[in-house]
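One structure is given below, encoded as structure tokens.
Residue numbers (this note's numbering): 523 to 686.
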């Protein structure tokens, strides 16, 4: 994992990576969002601020990203959701059953960088990042997501068009 610079995600270690001039990818929703996100594409960050603290400490911009159809490639079981959330809250382990591995067309969109501003607090910066990602989702994702439409997009190489 050292070759890929997979490191413990402390504020200090992550800001050091950025201060060394490297690029760092952080998923604020993490395992929780991966397990409990739905085809409605809600941002499920709770009150996570570590990524904003890292950017402020390193004095670097945040570059928002969103991958279209990511939740169509893999789905998690919807049955027993209260149980799975209870289990995750106790163990912090990704134990919810997943299915899919659907060969849908995915495309990643890069948003406008959110520049470093010493006036920002972690809360303000996190809100700006969340709003930027929600904007990318609104612009590039059909909601609710559809496995069928995403598969057809891949097969026929059609452009997914959002209905307004």
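Beta carbons: idealized from backbone N, C-alpha and C, even for Gly.
Would you call residue i buried or exposed, if buried means 16 or more other Cβ atoms sit within 10 Å of its Cβ?
i, result
"residue 557", "buried"
"residue 666", "exposed"
"residue 625", "exposed"
"residue 614", "exposed"
Looking only at its chain, what residues have a beta carbon closer than 8 Å to the beta carbon of residue i, apart from the 5 residues adjacent to it on each side?
i, result
"residue 686", "Caution is warranted here: a pLDDT of 45 is assigned to residue 686, below 50, making its placement in the model unreliable, and the coordinate value is therefore given only provisionally. Cβ within range, chain order: n/a, list empty."
"residue 629", "589, 590, 591 and 662"
"residue 540", "546, 576, 577, 580 and 582"
What number of angstroms, rounded off, separates the C-alpha of residue i from the C-alpha of residue j?
i, j, result
"residue 677", "residue 542", "43 Å"
"residue 533", "residue 580", "10 Å"
"residue 562", "residue 591", "11 Å"
"residue 643", "residue 636", "13 Å"
"residue 583", "residue 593", "27 Å"
"residue 549", "residue 657", "17 Å"
Please list the terminal residues of the continuous beta strand (DSSP E) segment that includes residue i.
i, result
"residue 622", "620-622"
"residue 614", "Where residue 614 is concerned, there is no enclosing beta strand (DSSP E), given that its DSSP letter is neither H nor E."
"residue 632", "629-632"
If you drop the 5 nearest sequence neighbours on each side, which residues of the same chain put their C-beta closer than 6 Å to that of residue i?
i, result
"residue 598", "557, 618 and 620"
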